[in-house]
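The structure under discussion appears below in the form of structure tokens.
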Amino acid sequence: MAGITVEGLSTVYPGGVRAVDELDLEIADGELFALLGPSGCGKTTLLRTIAGLEAASDGAVAIGDRDVTRLQPGDRRVAMVFQDYALFPHMTVSENIAYPLRVRGAAKSVQQETAARTAAGLSLGELLDRRPGQLSGGQQQRAALARAVAASAEVLLLDEPLSNLDARLRLEARTFLKKLQRELALTTVFVTHDQAEALALADRIAVMDAGRIRQLGTPREVFQRPADTFVANFIGSTPMNLVPRGAEIVGVRPEYLSPAAEGLFTGEVSIVENLGVTSLVTLDCGDEQIGYIVPEDDEPAVGTTVTVDAPPARVLRYDKETGLLVR
Amino acid sequence: MASSGLDSSGLGVRRAVGFVAPALLLIGVFLVFPALWTLYIGITNYQLTGAAAANPQVVGLDNVVEAARDPLFTNSLWLTALFVLGSAVIGQNVLGFGLAWLLRTVRPGLRRTVEGLVLLSWILPSTVVAYLWFAVLSRDTGTLGMLLGSPQTAWLVQYPMTSLIIFNVWRGTAFSMLLYTSALAAVPPSQLETARLMGASGWQTVRDVVFPHIRGHVLTNTLLISLWTANDFTPFLLTAGGPNHQSEVLPVLIYRQALEGGRLGYASAMSMLLLVGNLVIALVYLRLLRRRA
Numbered sequence: 024m025a026g027i028t029v030e031g032l033s034t035v036y037p038g039g040v041r042a043v044d045e046l047d048l049e050i051a052d053g054e055l056f057a058l059l060g061p062s063g064c065g066k067t068t069l070l071r072t073i074a075g076l077e078a079a080s081d082g083a084v085a086i087g088d089r090d091v092t093r094l095q096p097g098d099r100r101v102a103m104v105f106q107d108y109a110l111f112p113h114m115t116v117s118e119n120i121a122y123p124l125r126v127r128g129a130a131k132s133v134q135q136e137t138a139a140r141t142a143a144g145l146s147l148g149e150l151l152d153r154r155p156g157q158l159s160g161g162q163q164q165r166a167a168l169a170r171a172v173a174a175s176a177e178v179l180l181l182d183e184p185l186s187n188l189d190a191r192l193r194l195e196a197r198t199f200l201k202k203l204q205r206e207l208a209l210t211t212v213f214v215t216h217d218q219a220e221a222l223a224l225a226d227r228i229a230v231m232d233a234g235r236i237r238q239l240g241t242p243r244e245v246f247q248r249p250a251d252t253f254v255a256n257f258i259g260s261t262p263m264n265l266v267p268r269g270a271e272i273v274g275v276r277p278e279y280l281s282p283a284a285e286g287l288f289t290g291e292v293s294i295v296e297n298l299g300v301t302s303l304v305t306l307d308c309g310d311e312q313i314g315y316i317v318p319e320d321d322e323p324a325v326g327t328t329v330t331v332d333a334p335p336a337r338v339l340r341y342d343k344e345t346g347l348l349v350r
Numbered sequence: 064m065a066s067s068g069l070d071s072s073g074l075g076v077r078r079a080v081g082f083v084a085p086a087l088l089l090i091g092v093f094l095v096f097p098a099l100w101t102l103y104i105g106i107t108n109y110q111l112t113g114a115a116a117a118n119p120q121v122v123g124l125d126n127v128v129e130a131a132r133d134p135l136f137t138n139s140l141w142l143t144a145l146f147v148l149g150s151a152v153i154g155q156n157v158l159g160f161g162l163a164w165l166l167r168t169v170r171p172g173l174r175r176t177v178e179g180l181v182l183l184s185w186i187l188p189s190t191v192v193a194y195l196w197f198a199v200l201s202r203d204t205g206t207l208g209m210l211l212g213s214p215q216t217a218w219l220v221q222y223p224m225t226s227l228i229i230f231n232v233w234r235g236t237a238f239s240m241l242l243y244t245s246a247l248a249a250v251p252p253s254q255l256e257t258a259r260l261m262g263a264s265g266w267q268t269v270r271d272v273v274f275p276h277i278r279g280h281v282l283t284n285t286l287l288i289s290l291w292t293a294n295d296f297t298p299f300l301l302t303a304g305g306p307n308h309q310s311e312v313l314p315v316l317i318y319r320q321a322l323e324g325g326r327l328g329y330a331s332a333m334s335m336l337l338l339v340g341n342l343v344i345a346l347v348y349l350r351l352l353r354r355r356a
């Protein structure tokens, strides 16, 4: 078991693109850590550099107290599950899971025993003799996880672990993944572009943009107090209202706004979108569009004028120039 | 008009036949007729000159029986097998795969240069290439002799089969390389990287991850280059089968029997035996291909 330390890490692709730019990061032992950001922000490159699949141009990566910056991927004691799971299609589930042991030359009996034990732990016991092509998406993911676990690595890396599953299965897999990680207490880093996934799964989140970390914190911190307008925009299932007021930008989440006698914004209801248990109401306030969330059966009629307000602690102020959180 | 003389495109049988006829005529004259003619004269004692040229007699399977007893034919059969195995099945296959595998990771500029050079050896006409190699391997002024500082080695005379095998590897590797390059592009990178992360060696990766993906390509490639090599006539341009039949592969033997010995009937029978050999090779490969799990 080991944490991960990243110091001044840069990964520059041929052609000069700085995918990861002088990045510092400390991931604690046993932590479930999310790298979150839009596509092209460098999160996958950072993951691949930790794995050793991309060479670091500058800086260092350490796992536990071992500096692995110049080590081959196979020598880093890192296991990775790819977005497409990368199961070997011509091997059975059992052979797939046992492959890390086969590479190291473990005895056949040890391989089979480990495969059976690991598979049972991930409820794959019945499927040992199947080929990956005969498995559902969720089962394939668990087989890939089982193979990573069987590698008995110190660090588990997951690249977009849930994106290949359909919506319903994704929730199930998310719960399963978190439970498995808690049981194994294995330092785990996963990459995602889905903020809801990161909020739900991670102990801590690093929100990335242009090869750098914009904010590092627990899901609660990142959700409640985004460090800048980029993070504020990116986190949340409905985007945060960001309204210029003098030298500042006022930010309020739609979830924190509710109708009041007097308050921050007043406008005419232009659109009501049903989100299930709640609805997203859009107010026309002159040049600005303000969104706020109302419970079901409480939607105002389109055309009515509404004033909304939020608790003072939920109203954030950002510097207009830098976009950084002022208060 | 829905008469029975019209097909679905409304072309009409007569016009359709009119369109196909030139192609059928060419195929008939240059492919079907010579094949049947070879089959026929293979069972006669037809000669290029003399009485048997004017009035060939049908001798049945005598030619085949003679070939089986002919030391020249069995020698040639063995040399052909050696040529196919050495230069195609092992040489071109292994070198072609090796190049494709190594060129995956190098800079695009270098890769294109190497691919271009390899391809050049493949697209040059056989006569040109044979002449070039003759210049390289010749005894007195050969480039190889000069480079090694031993100008007295007559490579094509002292090591005729080795020379032919190396020549054919050089000549034909481009095809295998191109085929394997595209085959390797179909191997999912994430599977290669998974193997890498587990610490699999290069050989383990090829055996466990790459080969199962490209098994079909390997068999198809091996089949094609085996057949091309078995039927290749370029050795004649380099060694003409000599010295003393030491490099007389089947196409060369057949040519010499037919046109130097004038024994067209006997040579035709041997052609048919080569064809049967090719068919057997093809059937074995197809059987293997179908057995892919």
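Protein chains in written order, with our numbering: chain A, 24 to 350; chain B, 64 to 356.
For glycine and all other residues, C-beta sits at the position ideal for the given N, C-alpha and C.
All values reported here derive from a predicted model rather than from experimental measurement.
- Considering only B/Leu286, B/Ala263, B/Gln221, B/Ala193, the residue with the shortest C-alpha distance to B/Phe296 is B/Ala193.
- Between the segment 200-212 of chain A and the segment 234-244 of chain A, the count of C-beta pairs closer than 8 Å stays below three; the two stretches do not touch.
- Counting of Cβ neighbours within 10 angstroms places A/Gln163 among the buried residues, the total reaching 16 or more.
- At least one C-beta of chain B is nearer than 8 Å to the C-beta of A/Leu76.
- Nearest to B/His280 by C-alpha distance, out of B/Leu102, B/Asn156, B/Pro85, is B/Asn156.
- The beta-carbon of A/Phe111 is placed less than 8 Å from the nearest beta-carbon of chain B.
- Sequence-distant partners of A/Leu303 (beyond 5 residues in either direction) whose C-beta falls short of 7 Å from its own C-beta, in its chain, are Thr261, Pro277, Glu296, Gly314, Ile316.
- In chain order, Ile104, Tyr109, Gln110, Leu111, Ala321 place their CB closer than 7 Å to the CB of B/Leu327, counting only its own chain and leaving out the 5 sequence neighbours on each side.
- With respect to the 8 Å criterion, A/Gly346 and A/Thr211 are not classified as neighbours on the basis of their beta carbons.
- In the three-state DSSP reduction, B/Thr268 falls in the helix class (H, G or I).
- Taking 8 Å as the threshold, the shortest C-beta distance from A/Tyr122 to chain B falls below it.
- In this structure A/Ala102 touches B/Leu260 by the C-beta definition: roughly 7 Å separates them, less than 8 Å.
- Taking B/Val315 as the centre and dropping the five residues before and after it, the same chain places the C-beta of Pro298, Phe299, Gly304 closer than 6 Å to its C-beta, in chain order.
- Inter-segment contact for the segment 200-220 of chain B and the segment 257-275 of chain B is absent: fewer than three beta-carbon pairs are separated by less than 8 Å.
- From the beta-carbon of B/Leu247, no residue of chain A is found nearer than 9 Å; the closest lies around 16 Å away.
- Any Cβ of chain B closer than 8 Å to the Cβ of A/Asp310 would place that residue at the interface, and such an atom is absent.
- Remark: three or more beta-carbon pairs, one from each stretch, lie closer than 8 Å, so the segment 157-172 of chain B and the segment 228-244 of chain B are flagged as touching.
- Cβ contact annotation for A/Thr328 (same chain, cutoff 8 Å, sequence separation greater than five): Thr289, Gly290, Glu291, Val292, in chain order.
- In terms of CA proximity to A/Ala85, A/Thr28 leads the group A/Thr28, A/Ser117, A/Pro112.
- When rounded, the separation of the alpha-carbon atoms in B/Thr107 and B/Pro119 is 6 Å.
- According to the DSSP assignment, A/Gly144 belongs to the alpha helix (DSSP H) that extends over 131-144.
- Boundaries of the beta strand (DSSP E) harbouring A/Asp332: 328-332, taken from the DSSP string.
- Of the residues assessed, B/Trp218 falls on the buried side of the cut-off, its CB having 16 or more other CB atoms within 10 angstroms.
- Separation of the CB atoms of A/Gly82 and A/Leu32 is rounded to 4 Å, and the pair is thereby assigned contact status at 8 Å.
- When 7 Å is used as the limit between beta carbons, A/Asp152 is near no residue of chain B, the shortest such separation being about 13 Å.
- Residues of the segment 246-267 of chain B with a C-beta atom less than 7 Å from some C-beta of chain A are Pro251, Ser253, Gln254, Glu256, Thr257, Arg259, Leu260, Met261, Gly262, Ala263, Gln267, listed in chain order.
- CA-to-CA, the gap between A/Asp332 and B/Thr168 works out to about 59 Å.
- The residue from A/Pro155, A/Ser281, A/Ser117, A/Ser159 with its alpha-carbon nearest to that of A/Ala142 is A/Ser117.
- For B/Pro275, the residues of chain A that pass the 9 Å Cβ criterion are Phe111, Pro112, His113, Met114, in the order they occur in the chain.
- Short of 7 Å from the beta carbon of A/Ser62, and not among the five residues preceding or following it, lie these beta carbons of its own chain, in chain order: His216.
- Look at A/Leu48 here: in three-state DSSP terms it is strand.
- Boundaries for A/Leu347: no beta strand (DSSP E) harbours it, and the DSSP string shows neither H nor E there.
- Annotation note: the segment 159-192 of chain A contains the following uninterrupted alpha helix (DSSP H) runs of length 4 or greater, listed N- to C-terminal: 160-173.
- In this structure B/Leu142 is not in contact with B/Met209, their Cβ atoms being roughly 29 Å apart against a cut-off of 8 Å.
- If you look at B/Thr257, you'll find it in the alpha helix (DSSP H) that goes 252-260.
- Following the DSSP letters along the chain, one finds A/Met231 inside the beta strand (DSSP E) bounded by residues 227-232.
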